[in-house]
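Student: Submitted below is the structure of interest, expressed as structure tokens.
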Amino acid sequence: MEVRKAASTDVESMQQLIQQFADVGLMLPRTIKSLCEHLQCFTVAVEDGQVIGVAGLHVLWKDLAEIRSLAVAPHVHGKGVGRKVVEHLIREAEHLGIPQVLSLTYQTGFFEKLNFHVIRKESLPHKVWKDCFYCKKFYHCDEVAMVYYTQHYEAFQAFKEAR
Ligand SMILES: CC(C)(COP(=O)(O)OP(=O)(O)OC[C@H]1O[C@@H](n2cnc3c(N)ncnc32)[C@H](O)[C@@H]1OP(=O)(O)O)[C@@H](O)C(=O)NCCC(=O)NCCS
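Take any residue in the sequence shown, count from 1 to its spot, add 431: that is its number in our numbering.
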């Protein structure tokens with residue numbers, strides 16, 4: 432299996448993978464247009480030429496990036512694909528100097544395994560909720576906010592406290 436940045440030739444498969452989970456309310460759908468516009472954000476896992484995993488890292492602010500549209504093909508669930516995709520995105524966030532990586536999710540057990548911690552949704556900045564505006568559950572959101580603290584977190588906290 433190869434985990435790499437997405438290319439334009441992956442877009443159709445990415446959209447189909449995401450759509451099957453969007454259909455059962457596990458995540459927001461993504462249009463081809465939206466995937467193309469944010470293509471640089473996306474990472475895919477590929478096996479035998481097939482896209483079997485996808486997720487995007489969206490930088491929201493200097494100190495915060497969000498993992499969105501994480502989906503792994505059902506026939507390879509539980510085989511480490513999701514972990515590899517998320518670890519790839521965490522490395523990307525670290526490379527960008529970002530101290531916190533957020534996920535809004537129902538998959539708390541999965542993210543706990545990857546050292547994400549539950550935080551209060553109320554503590555998040557408003558720009559996090561931009562896409563939520565299009566969600567049916569906007570007024571009764573039951574997703575859990577979880578954060579991974581990267582290697583830059585301590586320095587970021589020290590900087591904040593010194594100001
Ligand atoms: C959640 C999802 C991405 C996990 O991907 P995956 O490839 O099956 O997960 P992995 O095999 O990499 O799992 C990594 C670890 O998390 C554990 N894990 C995976 N899913 C879990 C879950 N739902 N609850 C608890 N633990 C879970 C695995 O057992 C594994 O533990 P280990 O390292 O001790 O063996 C995948 O199930 C999926 O696509 N779900 C549907 C879409 C979705 O809900 N996306 C999340 C949107 S935020």
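Every residue gets a Cβ at the ideal spot worked out from N, C-alpha and C, and that includes glycine.
1. If I'm right that alanine 524 touches leucine 488 with Cβ under 8 angstroms, what's the distance once you round it to whole angstroms?
2. Measuring CA to CA, which of Trp492, Gln582, His506, Asp494 is closest to valine 482?
3. Assign arginine 461 to buried or exposed, taking buried as 16 or more other Cβ atoms, counted over all protein chains shown, within 10 Å of its Cβ.
4. Helix, strand or coil, according to DSSP, for arginine 435 in the structure here?
5. Do valine 442 and cysteine 472 have their C-beta atoms within less than 9 angstroms of each other?
6. Name the residue from Val512, Leu520, Ile529 whose alpha carbon lies nearest to the alpha carbon of leucine 495.
7. Helix, strand or coil for serine 458 per DSSP?
8. According to DSSP, is isoleucine 498 part of a helix, a strand, or is it coil?
9. Under 8 angstroms Cβ to Cβ from methionine 432, same chain only, skipping five residues before and after it: list those, please.
10. Under three-state DSSP, which class holds threonine 474?
Tutor: The short version:
1. Locating residue 524 in the sequence shown gives position 93, where the first residue counts as 1. Locating residue 488 in the sequence shown gives position 57, where the first residue counts as 1. Right, the Cβ-Cβ distance comes to about 6 angstroms (below 8 angstroms), so this counts as a contact.
2. Position 51 of the sequence shown, counted from the start, is the residue given in the question as residue 482. Nearest of Trp492, Gln582, His506, Asp494 to valine 482, Cα basis: His506.
3. Counted from its first residue, the sequence shown places residue 461 at position 30. Buried.
4. In the sequence shown, residue 435 corresponds to position 4, counting from 1. Correct three-state label for arginine 435: strand.
5. Counting from one through the sequence shown, the residue named residue 442 turns up at place 11. Counting from one through the sequence shown, the residue named residue 472 turns up at place 41. No; because the gap between Cβ atoms is not below 9 angstroms, this pair is not in contact.
6. Here the question's residue 495 lines up with position 64 in the sequence shown. If we check each option's Cα against that of leucine 495, Ile529 comes out closest.
7. Counted from its first residue, the sequence shown places residue 458 at position 27. Looking at the sequence shown, residue 458 is not serine but methionine. Of the three classes helix, strand and coil, the one that applies to methionine 458 here is coil, per DSSP.
8. By one-based count along the sequence shown, residue 498 stands at place 67. In the structure shown, isoleucine 498 sits in a strand (DSSP, three-state: E or B).
9. Counted from its first residue, the sequence shown places residue 432 at position 1. Cβ within range, chain order: Ala476, Val477, Glu478, Ile483, Val512, Lys515.
10. One-based indexing of the sequence shown puts residue 474 at position 43. In this structure, threonine 474 counts as strand in the three-state DSSP scheme.
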